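Sequential numbering of the sequence shown, starting at 1, is according to UniProt numbering. Heads up, the beta-carbon is just placed ideally off N, CA and C, and yes, glycines get one too. The structure presented is a predicted model; accordingly, all values stated were derived computationally and were not measured. Contents: one structure, followed by commentary.
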Amino acid sequence: MKPALRFTLLPLAFATTCALAEVNKIYLIFNDTYKGRAAIELDAAGAPCVTPSLLSEWGVRQSLAASLATTPGGCISSDEPGVQLFYEPVSQLLTVDVAPRMVGGGDISHRWDDGVNAGFIDYQLNYSHYSAERYRDAERRYSLFAEWNTGLNLGAWRLRYQPIYQKDAWGQPSWHTEKALAYRDLKAWRALLSIGDNHTPSTLFDNVKYRGIQLASDDRMLPESLRQFSPWIRGMARSNAEIKVRQNGEVIYQTFVSPGAFILKDVYPPDPDGDITVTVRESDGTETERKLPYSSMPNLVHGGSFRYDLTLGKYQPYFGIEQQQPQFGQLSVSYGLPAKTTLYGGVLLSGLYRSAAVGVGKSFNQWGALSADYNYAAARQPRRGADDRGGMWRLRYARTIPSWESSVSLLAQYYPRQRYRTFGDAVEQQTLYWWIGRTICLSATSTPRKNTVWKRATISTSPSRTACI
1 MKPALRFTLL PLAFATTCAL AEVNKIYLIF NDTYKGRAAI ELDAAGAPCV TPSLLSEWGV
61 RQSLAASLAT TPGGCISSDE PGVQLFYEPV SQLLTVDVAP RMVGGGDISH RWDDGVNAGF
121 IDYQLNYSHY SAERYRDAER RYSLFAEWNT GLNLGAWRLR YQPIYQKDAW GQPSWHTEKA
181 LAYRDLKAWR ALLSIGDNHT PSTLFDNVKY RGIQLASDDR MLPESLRQFS PWIRGMARSN
241 AEIKVRQNGE VIYQTFVSPG AFILKDVYPP DPDGDITVTV RESDGTETER KLPYSSMPNL
301 VHGGSFRYDL TLGKYQPYFG IEQQQPQFGQ LSVSYGLPAK TTLYGGVLLS GLYRSAAVGV
361 GKSFNQWGAL SADYNYAAAR QPRRGADDRG GMWRLRYART IPSWESSVSL LAQYYPRQRY
421 RTFGDAVEQQ TLYWWIGRTI CLSATSTPRK NTVWKRATIS TSPSRTACI
């Protein structure tokens, strides 16, 4: 939709040379979307010098931006038919209109850097003291919990170390390491390489702790339009209004709309499971605000996009548990098909466990997203001559309902045979003499208005309801 000021802006003729004089913070509207204030150099005539690199940063495909006609000073030429520039010097408002075919997601990877070298130390200390007297006996106990989260950034590498010290009420001290990790970005692969103690992704297989190496694609390196599917946000404006969308306190989207009903289809929240706040500021200065729970299906990708994670390492039991530590390898891949459909699968291989999974998911826009997959596993049984073999069917559904200010997530799991095991189950049963199988598991999570939540049947503090038969 066109903003109200759109028709009052007059084009300025740019100078044939771009002798840059100063840098100004200019209000920017790019293809009818307000981008905030941008630092843009001005030429000798006081007109903004829009360069191909700026257009690429705002969303124009880098290859097309580089082919545009420019002046000797590097500014986009006023004779370029694919780009129209309108500047109002009084209000310092620049409007840029670009042909839709030229917009390609705003890939600005050429501007990335590794940041500055830095270090930090965070800590948490908890101390409790218990004292009781009964008749002539006195009892005193105390417990101590200390956690440090330390980090060092050196060039492209990030080093993280998280030790934990505990002393229980009976005076038994213990140290253990929760995290010891080194990782870095691989920009050419749009991936993250990590070495050390970490956790496997839980999108397809169960999450386990391991010590080893992991290479995984990082969606944060993709253009916003390819990171995840956009929620549709509907609303009503009484006048020419400014719309701001926030997540975790940060503005992630801003635009202008005309009076009446509006719908936003190109909002890409960076957090897949964080509430978003929509603020409508009317022309008279009044504001209305509403909070919308947001939840996305993590295993869906856009058409033509590819997501993967590869993990090689040794299983690590959680602190205080004596278990085997088998070596294993895990690979998961997802590929986006047309019609907002995703095909995904993976394998997990170990000396005592083998598993393969395949599934398909689809986004239905405002109606949510649905996925279905099948996982087959064979686990070594130390007290039987044959492996435990079984499969699991899983159905997942997620939807955000703005009119109810709620999000809904449903999970159904069906086990045709009770001998299906996860990798963690297989490791644990090496030291157990019995095991209880499952047939059906259902889980539902709802986040309705007023921040009330469902309760688990057995644990009253959980925001979900789960039942297994």
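Where residue i falls, given that 16 or more other Cβ within 10 Å makes a residue buried
i, result
"Leu300", "buried"
"Asp284", "exposed"
"Gln214", "buried"
"His199", "exposed"
"Trp58", "buried"
"residue 474", "Nothing can be reported for residue 474, as the shown portion of the chain is limited to 1 through 469."
"Arg419", "buried"
"Ala21", "For Ala21, the predicted model reports a pLDDT of 45, less than 50, meaning its position is unreliable and no value from the coordinates is stated."
"Thr286", "exposed"
"residue 470", "Residue 470 is absent from the model: the chain starts at 1 and stops at 469."
"Ala357", "buried"
"Ala188", "exposed"
"Ser131", "exposed"
"Pro338", "exposed"
"Ile276", "buried"
"Phe120", "exposed"
Cα-Cα separation between residue i and residue j, rounded to whole angstroms
i, j, result
"Thr177", "Tyr161", "8 Å"
"Arg61", "Ile76", "15 Å"
"Gln247", "Lys35", "16 Å"
"Ile101", "Val427", "Checking the sequence, you will find Arg at residue 101 rather than Ile. The straight-line gap from Cα to Cα measures roughly 53 Å."
"Ser128", "Pro173", "15 Å"
"Lys179", "Gly196", "8 Å"
"Asn149", "Ala118", "14 Å"
"Leu192", "Pro269", "21 Å"
"Phe328", "Pro201", "14 Å"
"Val96", "Ser407", "36 Å"
"residue 472", "Gln324", "Past the edges of the chain, shown from 1 to 469, lies residue 472, and the structure says nothing about it."
"Asn207", "Tyr318", "12 Å"
"Gly74", "Arg184", "35 Å"
"Ala156", "Ser63", "27 Å"
"Gly235", "Leu54", "32 Å"
"His302", "Arg383", "46 Å"
"Ala44", "Val50", "14 Å"
"Gln430", "Ala386", "14 Å"
"Arg6", "Val278", "Any answer about Arg6 is weak, because its pLDDT of 38 lies below 50 and its placement is not dependable; what the coordinates show is given next. When rounded, the distance between both Cα atoms is 23 Å."
"Gly336", "Arg190", "16 Å"
"Leu310", "Lys209", "14 Å"
"Lys340", "Val257", "27 Å"
Residue i in three-state terms, based on DSSP
i, result
"Arg63", "In the sequence on display, residue 63 carries Ser and not Arg. Reduced to three states, the DSSP call for Ser63 is helix."
"Leu343", "strand"
"Pro259", "coil"
"Glu428", "helix"
"Pro416", "coil"
"Ala188", "helix"
"Arg101", "helix"
"Glu88", "strand"
"Ala21", "Its pLDDT being 45, under 50, Ala21 is placed unreliably in this model, and the value from its coordinates should be taken loosely. Of the three classes helix, strand and coil, the one that applies to Ala21 here is strand, per DSSP."
"Pro52", "helix"
"Arg220", "helix"
"Asn365", "helix"
"Trp58", "helix"
"Ser77", "coil"
"Phe423", "helix"
"Ser305", "coil"
"Ser109", "helix"
Residue i - partner residues in DSSP beta bridges
i, result
"Phe145", "Asn126 and Gln166"
"Gln247", "Glu250 and Ile276"
"Pro173", "Lys167"
"Met236", "Ala261"
"Thr311", "Gln214 and Gln330"
"Thr150", "Ile121 and Tyr161"
"Asp373", "Gly359 and Arg394"
"Asn198", "Tyr210"
"Asp32", "For Asp32, which the question treats as bridged, DSSP gives no partner whatsoever."
"Gly336", "Thr342"
Sub-9 Å separation of residue i and residue j beta-carbons
i, j, result
"Arg307", "Ser217", "yes"
"Tyr315", "Phe145", "no"
"Leu93", "Leu42", "no"
"Gly345", "Ser332", "yes"
"Tyr376", "Arg389", "yes"
"Tyr415", "Ala378", "no"
"Ala372", "Arg396", "yes"
"Gln254", "Lys244", "yes"
Cβ of residue i within 9 Å of any chain D Cβ
i, result
"Arg246", "Included in the structure is just one protein chain, with no chain D present."
Near the ligand NAP: residue i beta-carbon under 8 Å from a heavy atom
i, result
"Ile252", "The ligand content of the structure shown is nil, which means the ligand NAP is not present either."
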